[in-house]
Amino acid sequence: MTKIKIFDTTLRDGEQTPGVNLNVMEKLEIARHLERLRVDRIEAGFPASSEGDFQAVKTIADTIKDTSVIALARTVQKDIDIAWEALKGAEEPAIHVFLATSPIHMKYKLNMTPEEVIETSVNMVKYAKQRFPIVEWSAEDATRSDWDFLVEIVEKVITAGANVINLPDTVGYTMPEEYGNMFKYIRERVSNIDKVALSCHCHDDLGMAVANSLAAIQNGVTQVEGTINGIGERAGNAALEEIAVALKIRSDYYPYHTDLKLDEIKRTSDLIAKFTGIAVQPNKAVIGRNAYAHESGIHQDGVLKNTLTYEIITPELVGVNSNSIVLGKHSGRHAFKEKVNELGFTLSDEKLNVAFKQFKQLTDRKKEVSDDDITAILMEITTNTHQIKKYELEMFQIQYGTGTANIPTATVSIKRPDEQVVQTACTGNGSVEALYKAIDALIIEDTKLLDYQISSIGGGKDALAVSTVQLDVNGDTFNGRGTASDVLEASANAYINAVNRYLIKKSTEEKAPATI
Ligand code: KIV
Ligand code: ZN
């Protein structure tokens with residue numbers, strides 16, 4: 001069985017999803033979960049793109065030691081220098097440089113001739129190789145490139161020292177057989193191809209990303225790039241959990257394996273969905289809420305007689321409903337700490353105390369506290385590590401009643417980043433509108449609500465409410481998330497969270513640019 005390396009780009013390509021703005025501590029927490037999931041490589045960001053990305057890559061490279069950390073750079077010296085500054089503390093510094101090879105990209109985007117694209121790629125791979133033991137080179141938009149041109153450039157880039165060659169389907173255009181054939185064509189014609197590992201990287205514009213990745217694997221690719229939950233720009237990237245589980249379930253058909261710890265998939269997927277504010281669709285393969293639910297009578301009957309009748313993947317395989325300790329009112333600090341570790345979070349003693357206090361407060365309201373509830377507490381604490389002044393909800397009150405005589409009214413009091421406490425009241429067609437109008441009136445930034453969703457964590461009448469919003473804040477898009485026992489409080493928290501994410505991003509970007 002050939003090993004297929006899993007290259008996770010959730011923190012780089014996945015973060016390019018509109019509205020996703022993860023801060024450094026959130027990225028670190030995701031990286032820790034990816035390490036636990038045992039991906040082979042974590043693409044932690046694009047250090048030259050912003051100070052925030054630089055800090056995130058550096059923090060992850062300095063902390064994560066069991067998984068290789070890689071970062072993206074354009075084929076320009078400055079990007080490679082900045083990437084080196086961010087990655088030099090990594091166990092095995094690795095860089096991913098890319099340049100487009102398709103006629104349309106070379107002509108209209110790069111304004112470069114094919115010869116210039118070859119020369120730049122070769123020079124920058126050589127430059128990167130002076131410092132980085134691992135250099136991956138990507139032919140952006142490979143699937144719309146001329147295959148003979150790919151043969152020529154790939155051969156030269158390998159001679160220049162590249163260790164990994166990635167041929168991405170950047171715009172999600174290719175079909176499985178065609179993509180597989182492209183790798184076959186390259187392997188058969190590039191004379192030094194056996195010196196490198198081949199990598200695939202697929203986008204899902206035509207819904208083919210996973211199928212294309214599997215076709216690439218059947219044609220000699222030993223590294224597959226993608227994201228958890230398939231998040232990413234436009235229709236997203238190939239969902240890594242789907243590829244890994246397909247290889248496992250159909251090992252009779254595919255003589256390949258990954259080292260992914262499959263029962264960590266659900267936990268990692270949940271954390272990423274929560275931090276990014278991008279919920280997993282209920283019918284999503286492998287990790288969707290309905291993936292293991294059987295609705296029709298005939299199916300239920302079959303599953304009751306023998307689960308194999310309609311269930312090809314057991315929920316346990318991917319960590320759904322795995323037996324874990326349920327905590328409640330009488331659980332002590334020790335059990336709570338165990339749970340925090342089990343959920344994959346690493347907290348200092350000080351933060352553990354804060355989390356434990358919040359957990360105890362929750363047990364006053366809920367008999368059984370689920371993993372989801374605890375994750376919600378831990379995520380708030382992880383996010384709140386930034387030492388910047390933010391907006392805080394001091395109090396709010398809603399007046400709502402049915403009938404035309406009752407006009408929904410919200411009174412809100414907020415502490416602004418300058419510590420000033422301000423208060424106002426607004427009316428609306430409903431409680432949420434009144435609440436959001438009042439918050440909006442108190443917030444200095446220019447905000448516009450783009451999307452609003454409400455759901456619950458776990459089941460039961462006492463379930464926590466979770467609200468996710470997408471806001472335009474001063475012209476940039478931010479997702480926000482809030483949890484509370486009450487839906488309106490969760491909604492208020494989500495709105496304020498999105499604005500605070502803007503403040504965190506602004507403060508990171510106002511710092512001096514990366515020194516090199
Ligand atoms: O999709 C793509 O081509 C990319 C490259 C930067 C590898 O993400
Ligand atoms: Zn991509």
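In the UniProt record's numbering, the protein residues as written are 1 to 516. Even glycine gets a Cβ: it sits at the ideal position worked out from N, Cα and C.
Contact between the segment 233-240 and the segment 202-215 (3+ Cβ pairs under 8 Å)
yes
Exposed unless 16 or more other CB atoms sit within 10 angstroms - verdict on residue 499:
buried
Under the DSSP definition of a beta bridge, which residues are partnered with residue 255?
For residue 255, which the question treats as bridged, DSSP gives no partner whatsoever.
Which term fits residue 515, buried or exposed, when burial requires 16 or more other beta carbons within 10 angstroms of its beta carbon?
At residue 515, the pLDDT of 40 sits below 50, so the modelled position is not reliable; the number obtained from the coordinates is stated separately. Classification for residue 515: exposed.
Return the CA-CA distance between residue 439 and residue 486, expressed in angstroms with no decimal places.
17 Å
What separation, rounded to the nearest whole angstrom, lies between the Cα atoms of residue 46 and residue 35?
19 Å
Residue 480 - partner residues in DSSP beta bridges
469
Measure from the alpha carbon of residue 374 to the alpha carbon of each residue in 389, 391, 314, 356, then state which is nearest.
356
Can you give me the C-alpha to C-alpha distance between residue 87 and residue 77, rounded to a whole angstrom?
15 Å
Between residue 48 and residue 82, which are expected to be in contact by the criterion C-beta below 8 Å, what is the C-beta distance as a whole number of angstroms?
4 Å
For the beta strand (DSSP E) containing residue 395, list its first residue and its last residue.
392-399
Cα separation between residue 136 and residue 66?
19 Å
Between which two residues does the beta strand (DSSP E) holding residue 47 run?
Looking at the DSSP string, residue 47 is not in any beta strand (DSSP E), and its letter there is neither H nor E.
Would you check whether the ligand ZN has a heavy atom nearer than 7 Å to the C-beta of residue 105?
no
If you drop the 5 nearest sequence neighbours on each side, which residues of the same chain put their C-beta closer than 7 Å to that of residue 100?
106, 109, 110, 140, 141
I'd like the ranges of any beta strand (DSSP E) spanning at least 3 consecutive residues and lying wholly in the segment 140-173.
164-169
Do the segment 197-208 and the segment 163-173 touch if we need at least three Cβ pairs shorter than 8 Å?
yes
Could you have a look at residue 299 and say whether DSSP puts it in helix, strand or coil?
helix
Take residue 27 as the anchor and find which of 56, 474, 9 has the nearest alpha-carbon.
56
Counting pairs of beta carbons, one from the segment 456-467 and one from the segment 479-498, are three or more of them closer than 8 Å?
yes
Are the Cβ atoms of residue 362 and residue 369 separated by less than 8 Å?
yes
Starting from residue 16, follow its DSSP beta bridges and name the residues at the other end.
In the DSSP output, where bridge partners are listed per residue, residue 16 has none listed.
Check whether the Cβ of residue 406 lies closer than 7 Å to any heavy atom of the ligand KIV, and answer yes or no.
no
Taking 7 Å as the cut-off, is the beta-carbon of residue 203 closer than that to any non-hydrogen atom of the ligand KIV?
yes
Would you decide whether residue 330 is buried or exposed? Buried here means 16 or more other CB atoms lie within 10 Å of its CB.
exposed
For residue 471 and residue 395, the rounded distance between their alpha carbons
21 Å
For residue 38 and residue 404, I'd like the C-alpha separation in whole angstroms.
58 Å
Are the CB atoms of residue 272 and residue 10 nearer to each other than 8 Å?
yes
Is the beta carbon of residue 71 closer than 8 Å to that of residue 44?
yes
Quick one: what does DSSP say residue 314 is sitting in, helix, strand or coil?
coil
Contact check, residue 231 vs residue 52 under 8 Å by CB: the rounded distance?
At roughly 18 Å, the Cβ-Cβ gap does not stay under 8 Å, so residue 231 and residue 52 are not in contact.
Among 408, 503, 344, which has the Cα closest to the Cα of residue 436?
408
Between 388, 451, 419, which has its C-alpha nearest residue 442's C-alpha?
419
Return the bridge partner residues of residue 197 from the DSSP annotation.
164
Straight-line gap, residue 433 to residue 376 (C-alpha atoms, nearest Å):
25 Å
Opening and closing residue of the alpha helix (DSSP H) in which residue 436 lies:
431-442
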